[in-house]
Structures are given as C-alpha cells and as structure tokens.
Amino acid sequence: MNTKFTVEESNLISIFEDKSRKKVIHNIRDVREHLDDEEMVELVSRVLGKLDSISDVEFAELEFVAAD
C-alpha cells in the first residue's frame with residue numbers, strides 16, 4: 004500500500020470513521036456539497052481520491068486516530 008494520509012487527512016477520515024471504506028466515502032461526499040471553505044473542499048477532494056485508490060482490505064488495515 005503506497006497511499007499515505009497526512010495528519011489533516013487522517014483527522015478528516017476519523018470524523019467519519021466506519022469499518023466500511025465505501026460508507027466513509029459516501030459520508031464525506033454528502034458533506035462536501037455543503038462546504039464553503041476552499042481549503043476544506045481541497046482536503047476533502049484529496050482524501051476522496053486516496054480512499055478511491057485503495058481497496059477495502061487496505062482500508063481495513065489502517066487505523067485513523069484524530070491528532071490533538
């Protein structure tokens with residue numbers, strides 16, 4: 004697995020944490036349309052691209068913990 008998530012990306016994913024990669028993608032996409040902040044839109048788009056590029060098995064091996 005070559006996909007690495009930044010701290011910001013991991014924090015975003017941890018907000019929507021679910022065992023299902025597809026559910027996380029769905030939940031993030033639902034929120035994206037309500038975002039006004041350009042940096043958040045960029046972050047969300049980057050995260051969705053990375054989540055789309057990994058398999059469900061790879062996603063299940065990852066641990067997302069929000070950083071303080």
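Add 3 to a position in the sequence shown, counting from 1, and you land on the number used in the numbering used here.
For glycine and all other residues, C-beta sits at the position ideal for the given N, C-alpha and C.
Remember, it's a predicted structure, so these values are computed and weren't measured experimentally.
Residue i - DSSP class collapsed to helix/strand/coil
| i | result |
| --- | --- |
| A69 | coil |
Residues of its chain near residue i, where Cβ-Cβ distance is below 7 Å and the 5 sequence neighbours each way are ignored
| i | result |
| --- | --- |
| A69 | N14, S17 |
| F19 | V27, N30, I31 |
Residues near residue i in its chain [Cβ-Cβ closer than 8 Å; skip 5 each side]
| i | result |
| --- | --- |
| K7 | none |
| S48 | R35 |
Own chain partners of residue i with C-beta closer than 6 Å, once the 5 adjacent residues on each side are dropped
| i | result |
| --- | --- |
| I57 | T6 |
| L38 | V44 |
Nearest neighbour of residue i, chosen from the options [CA to CA]
| i | options | result |
| --- | --- | --- |
| E11 | E42, D55, L38, E36 | E42 |
| T9 | R24, E36, L54 | L54 |
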